[in-house]
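Asks:
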Amino acid sequence: MLRSLYRCVLSAHPAYFRRRFADEMLSIFDQADGKLSAAKLLVDGVTSLLRQWALRPEFWEAPPAHAAAGDAPLFCSLENPKPRTAALVYGVLLSGLALNGVCWTMGYAWNHPTFMDIRPGYGPAGRVPESKLVSRPLHRSTAAPEPQLSTDAGRLLLVFKSPARPHSAAPSEGAVSGAPLSTPRLVSIDLQAYAGTYVSASAKPVEILITVAAGRLYVEFPGEVRGFFGPTSLARFVAADVPECWIEFAASSDGIIDRAEVYCRGEHVTALRH
Amino acid sequence: MKEDLSSFLPLSPATLHILLSLAGEELHGYGIMQEVQRQSEGKYKLGPGTLYDNLQKLIERRLVEELGQRPGDDDPRRRYYRLSSSGRGVLTAEIARLDGVVREGKLRLQTRPRRA
Numbered sequence: 444m445l446r447s448l449y450r451c452v453l454s455a456h457p458a459y460f461r462r463r464f465a466d467e468m469l470s471i472f473d474q475a476d477g478k479l480s481a482a483k484l485l486v487d488g489v490t491s492l493l494r495q496w497a498l499r500p501e502f503w504e505a506p507p508a509h510a511a512a513g514d515a516p517l518f519c520s521l522e523n524p525k526p527r528t529a530a531l532v533y534g535v536l537l538s539g540l541a542l543n544g545v546c547w548t549m550g551y552a553w554n555h556p557t558f559m560d561i562r563p564g565y566g567p568a569g570r571v572p573e574s575k576l577v578s579r580p581l582h583r584s585t586a587a588p589e590p591q592l593s594t595d596a597g598r599l600l601l602v603f604k605s606p607a608r609p610h611s612a613a614p615s616e617g618a619v620s621g622a623p624l625s626t627p628r629l630v631s632i633d634l635q636a637y638a639g640t641y642v643s644a645s646a647k648p649v650e651i652l653i654t655v656a657a658g659r660l661y662v663e664f665p666g667e668v669r670g671f672f673g674p675t676s677l678a679r680f681v682a683a684d685v686p687e688c689w690i691e692f693a694a695s696s697d698g699i700i701d702r703a704e705v706y707c708r709g710e711h712v713t714a715l716r717h
Numbered sequence: 007m008k009e010d011l012s013s014f015l016p017l018s019p020a021t022l023h024i025l026l027s028l029a030g031e032e033l034h035g036y037g038i039m040q041e042v043q044r045q046s047e048g049k050y051k052l053g054p055g056t057l058y059d060n061l062q063k064l065i066e067r068r069l070v071e072e073l074g075q076r077p078g079d080d081d082p083r084r085r086y087y088r089l090s091s092s093g094r095g096v097l098t099a100e101i102a103r104l105d106g107v108v109r110e111g112k113l114r115l116q117t118r119p120r121r122a
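Order-wise, the sequence lines are chains H and B. Position in the first sequence counted from 1, then plus 443, gives you the numbering used here. Position in the second sequence counted from 1, then plus 6, gives you the numbering used here.
1. Where I699/H and A636/H are concerned, what is the direct C-alpha to C-alpha distance, given to the nearest angstrom?
2. Return the residue from the list L677/H, A657/H and S645/H that minimises the CA-CA distance to A710/H.
3. Do L634/H and V649/H have their CB atoms nearer than 8 angstroms?
4. For T548/H, return the contacting residues in chain B, with the cut-off set at a CB-CB distance below 9 angstroms.
5. Could you tell me whether any Cβ in chain B is nearer than 8 angstroms to the Cβ of T528/H?
6. Apply the 10 Å Cβ neighbour rule to M39/B and answer buried if 16 or more other Cβ atoms are within range, or exposed otherwise.
7. In this structure, does DSSP put V535/H in helix, strand or coil?
8. What residue does the alpha helix (DSSP H) around Y50/B start on, and which one ends it?
9. What is the DSSP secondary structure of S643/H, counted as helix, strand or coil?
10. Does any residue of chain B have a CB that is nearer than 8 angstroms to the CB of G597/H?
11. Report yes if the CB atom of A638/H is closer than 8 angstroms to the CB atom of I651/H, and no otherwise.
12. What three-state label does DSSP hand Y637/H in the structure shown?
13. Which of helix, strand or coil does DSSP assign to D697/H?
14. Assign H555/H to buried or exposed, taking buried as 16 or more other Cβ atoms, counted over all protein chains shown, within 10 Å of its Cβ.
15. With burial defined as no fewer than 16 other Cβ atoms inside 10 Å of the residue's Cβ, what is the status of Q474/H: buried or exposed?
16. Looking only at C-alpha atoms, which of E32/B, E47/B and K49/B sits nearest to Q75/B?
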């Protein structure tokens with residue numbers, strides 16, 4: 444039994460070592476007296492097996508031919524292509540360090556999110572152009588406990604940066620540019636400034652009712668269930684439940700919102716405040 | 007071209023004992039194990055795995071030569087090994103080094119300052 448195991452262990456050695464020494468090792472095993480000695484030799488064989496595969500890659504195969512007696516090489520052979528043990532160890536260490544670095548970076552980024560400020564600007568026609576994103580770290584301690592219009596439960600929070608403005612008045616560019624950059628805060632929009640009845644200017648007038656309830660803006664189309672619209676900017680509200688549906692508000696010269704452009708599923712309706 | 011023997015020094019205990027056992031005569035693997043045990047008075051036992059691992063390296067470095075099998079041996083699987091001239095030189099250098107260590111050690115131990 445032990446002899447069979449020992450033969451298996453020997454046969455698992457690298458071919459070059461096995462060809463040279465396996466018979467002799469088995470011969471020594473055959474001379475062992477007692478099971479204890481045989482068991483010790485078996486342990487020694489297993490140790491040798493591990494040593495040969497892990498630490499002796501240069502002897503896995505026959506080494507290149509030696510020089511002849513006169514130190515003249517018989518032929519040249521390329522270097523053993525198998526990696527050295529030290530190179531393997533260094534490779535494992537470097538791989539571990541690189542993996543650790545990547546994991547640490549990902550963990551750091553996850554625990555230190557970058558918040559984005561949206562600084563709204565206003566064009567000459569009263570329209571809100573694309574928001575300008577400014578990336579900078581959020582100072583949590585300076586966040587004012589103001590009512591929040593829209594929040595995102597994810598890792599990215601879009602914060603409107605604008606000074607407080609009078610109710611029922613559309614924001615002006617001068618007011619926005621006067622806001623200090625170091626004190627970002629959430630915009631407080633008076634949704635009542637948007638509420639009212641808007642009537643389309645088409646041949647068949649459509650009445651759109653915009654109301655405010657529980658701090659939300661609801662839009663009710665005739666014959667349809669009213670829906671909740673969330674702000675993406677001061678003049679643009681997007682339907683929460685209906686895809687591809689949004690409203691853009693416009694203000695008159697005196698700053699009062701008097702027009703609503705309704706875009707819904709490819710259709711466009713211009714409605715004036717009644 | 008003369009090889010620099012100091013690059014082999016110091017020898018590991020297993021290598022030293024194997025070279026020392028082959029210094030007297032040609033031996034097979036089992037004979038080397040027994041000779042090592044005799045030299046060390048049973049304090050150092052060499053297993054076949056360690057023996058042939060070291061023999062492999064010594065043959066590769068040409069410190070030991072493999073003679074092959076002998077027809078009249080009891081076990082035809084046995085192969086005999088002998089010390090090469092390089093191996094003898096390395097062993098001599100190692101013995102000289104150890105001799106220096108022993109002398110230095112004895113000198114230091116004898117001249118240890120006594121307490122007043």
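Glycine residues also receive a C-beta, built at the ideal position from the N, C-alpha and C atoms. It should be emphasised that the depicted structure is a prediction, and the values quoted were computed from it without experimental measurement.
Replies: Checking against the coordinates, here is how it stands:
1. Numbered from its first residue, the first sequence carries residue 699/H at position 256. Numbered from its first residue, the first sequence carries residue 636/H at position 193. Spanning the two alpha carbons is a distance of roughly 8 angstroms.
2. Position 267 of the first sequence holds residue 710/H. Ala is not the amino acid found at residue 710/H; the sequence shown has Glu there. For E710/H, the closest alpha carbon among the candidates L677/H, A657/H and S645/H is that of S645/H.
3. To locate residue 634/H, count along the first sequence from 1; it is residue 191. To locate residue 649/H, count along the first sequence from 1; it is residue 206. Cβ distance not < 8 angstroms, so L634/H and V649/H don't count as in contact.
4. Sequence index remark: in the first sequence, residue 548/H carries index 105 (1-based). Per Cβ cutoff of 9 angstroms: no residues; T548/H is ~44 angstroms from chain B at best.
5. Within the first sequence, residue 528/H is the residue found at index 85, counting from 1. It does not: the Cβ of T528/H has no partner Cβ on chain B nearer than 8 angstroms.
6. Within the second sequence, numbered from 1, the residue matching residue 39/B stands at position 33. Counting of Cβ neighbours within 10 angstroms places M39/B among the buried residues, the total reaching 16 or more.
7. Translated into positions along the first sequence, residue 535/H becomes position 92. Correct three-state label for V535/H: helix.
8. Indexing the second sequence from 1 puts residue 50/B at position 44. It is not in any alpha helix (DSSP H) - Y50/B carries neither H nor E in the DSSP assignment.
9. Here residue 643/H refers to the residue found at position 200 when the first sequence is read from its first residue. The three-state secondary structure of S643/H, taken from DSSP, is strand.
10. Your numbering for residue 597/H matches position 154 in the first sequence. In this prediction, G597/H scores a pLDDT of 40, lower than 50, which makes its location untrustworthy; the coordinate-derived value is nonetheless stated afterwards. Answer no: the Cβ-Cβ gap between G597/H and chain B never drops below 8 angstroms.
11. Translated into positions along the first sequence, residue 638/H becomes position 195. Translated into positions along the first sequence, residue 651/H becomes position 208. With contacts defined as CB atoms closer than 8 angstroms, A638/H and I651/H fail to qualify as a contacting pair.
12. One-based indexing of the first sequence puts residue 637/H at position 194. In this structure, Y637/H counts as coil in the three-state DSSP scheme.
13. Counting from 1 along the first sequence, the entry for residue 697/H is found at position 254. Coil at D697/H, not helix or strand.
14. Along the first sequence, one-based indexing puts residue 555/H at 112. H555/H is exposed by the Cβ-count criterion.
15. Along the first sequence, one-based indexing puts residue 474/H at 31. Sixteen is the threshold: since fewer than 16 other Cβ atoms of the shown chains lie within 10 Å of the Cβ of Q474/H, the residue is exposed.
16. Stepping through the second sequence from its first residue, residue 75/B is reached at position 69. Ranking the options by Cα distance to Q75/B, first place goes to E32/B.
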